[in-house]
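To convert, note that position 86 of the sequence shown is 91 in my numbering; the numbers rise steadily by one, no gaps.
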Amino acid sequence: MTFTDRELLRLHVEAVWGVSLPALTTTTIELSSQGIQPDWVLYIGKLAAETTYIWRPDITLTQRQQLEDWWERGQITPANYKVHHEKALAPSHSPAMSLATVQDIARPLTQDDYPLLEAYSTGQGNYFLQPACAPLIGVIKEQQILSIAHSSRRTTQACELGVETHPQARRQGFALAATILWANSVSQEGLLPLYSALAENSASIRLAHAAGYRPFVAGTTISLS
């Protein structure tokens with residue numbers, strides 16, 4: 006299935022922050038006052054063809070004007086606010102490893118791997134094995150998990166990747182293999198695999214590119230301090 010950048014943005018924001026967005030038919034959206042509210046007051050999504058503004062409903066007109074003026078003038082962060090920049094990516098290219106290759110490196114993890122999960126991250130075995138985190142993919146060498154990929158957030162249409170690697174096992178292709186196999190498993194469910202990272206996390210963004218992802222939005226969240 007092919008998605009427009011607006012549709013990808015909606016899927017990303019709904020997955021990461023658990024909110025429900027209306028169809029993005031305009032470039033300025035206000036969240037419903039009902040349901041979950043994000044920790045930010047404004048999300049600015051710079052797409053290829055336009056910029057979309059998503060507002061939390063409890064922001065006053067004065068606050069909106071202040072933030073709009075700040076954004077248009079490109080000034081430093083306004084007082085009493087915090088700003089974070091991210092990139093969100095979707096699969097659009099062939100990954101750097103074939104599926105056959107990654108299946109020799111990584112595999113799905115099951116309840117039988119609970120002891121290994123606990124050894125990898127004490128107290129987190131049950132978290133990783135809950136259905137919301139599926140598919141759960143790991144790279145195991147000598148009975149030790151070296152890299153793990155899972156669905157950090159899941160909706161009825163998309164899954165956002167969570168991936169981490171043991172510090173001593175980085176730059177060996179393990180995270181890439183786990184990421185590719187995770188994305189393949191998500192796609193087999195009929196869902197869209199998504200990837201996001203802070204804009205300054207160049208290593209994570211390089212991993213995404215190697216896995217076949219390309220950015221569809223440069224996002225900025227503005228929160229009250």
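Think of the CB as a built atom: it goes at the ideal place given N, C-alpha and C, for glycine as much as any other residue.
Everything numeric in this text was worked out from a predicted model, so none of it was measured.
Worksheet item: Taking buried to mean at least 16 other C-beta atoms within 10 Å of its own C-beta, is A208 buried or exposed?
Response: Residue 208 sits at position 203 when you count from the first residue of the sequence shown. A208 is exposed by the Cβ-count criterion.
Fill in: Endpoints, the alpha helix (DSSP H) within which I110 is located
Indexing the sequence shown from 1 puts residue 110 at position 105. L104 to I110 is the extent of the alpha helix (DSSP H) around I110.
Discussion item. Which complete alpha helix (DSSP H) runs does the region 204 to 228 hold, if anything under 4 residues is left out?
Written reply: 207 to 215
Practice prompt. Only counting runs of 4 or more residues, tell me where the alpha helix (DSSP H) segments fall wholly within the region 116 to 179, in order along the chain.
Written response: 119 to 125 and 130 to 134
Worksheet item: So the beta strand (DSSP E) T33 belongs to, where does it begin and stop?
Response: As a first step, residue 33 is located in the sequence shown; it is residue number 28 there, counting from the start. Per DSSP, T33 belongs to the beta strand (DSSP E) from T33 to E35.
Worksheet entry | Proximity test, T115 beta-carbon vs the ligand MN heavy atom, cut-off 7 Å | Here there are no bound small molecules, and the ligand MN is not part of this structure.
Worksheet item: Whose CA, out of V21, A111 and W76, lies closest to the CA of L4?
Response: The requested residue 4 is not part of the displayed model; the chain covers only 6 to 230.
Item to complete: Return helix, strand or coil for W60, following the three-state DSSP convention.
Response: Within the sequence shown, residue 60 is the residue found at index 55, counting from 1. Correct three-state label for W60: strand.
Worksheet item: Based on the DSSP output, what are the partners of I185 in its beta bridges?
Response: Counting from one through the sequence shown, the residue named residue 185 turns up at place 180. DSSP lists no partner for I185.
Worksheet item: Per DSSP, what kind of secondary structure is A20 in: helix, strand or coil?
Response: In the sequence shown, residue 20 corresponds to position 15, counting from 1. Three-state result, A20: helix.
Fill in: Contact check, G167 vs S157, beta carbons under 8 Å
As a working mapping, residue 167 is identified with position 162 in the sequence shown. As a working mapping, residue 157 is identified with position 152 in the sequence shown. Contact: yes.
Worksheet item: What's the C-alpha gap between Y125 and E147?
Response: Residue 125 sits at position 120 when you count from the first residue of the sequence shown. Residue 147 sits at position 142 when you count from the first residue of the sequence shown. Cα-Cα distance, rounded: 13 Å.
Fill in: Where E91 sits in the DSSP three-state scheme
If you number the sequence shown from 1, residue 91 lands on position 86. Strand.
Practice prompt. Would you check if there are 3 or more beta carbon pairs closer than 8 Å linking the region 53 to 61 to the region 8 to 15?
Written response: yes
Worksheet item: Which residues bound the beta strand (DSSP E) around L47?
Response: Sequence index remark: in the sequence shown, residue 47 carries index 42 (1-based). It spans L47 to K51 - the beta strand (DSSP E) in which L47 sits, taken as one unbroken run.
Item to complete: Please look up how many angstroms separate the CB atoms of I34 and P27, rounded, as I've assumed it's under 8 Å.
Response: Counting from one through the sequence shown, the residue named residue 34 turns up at place 29. Counting from one through the sequence shown, the residue named residue 27 turns up at place 22. Indeed they touch by this definition, with Cβ atoms about 7 Å apart.
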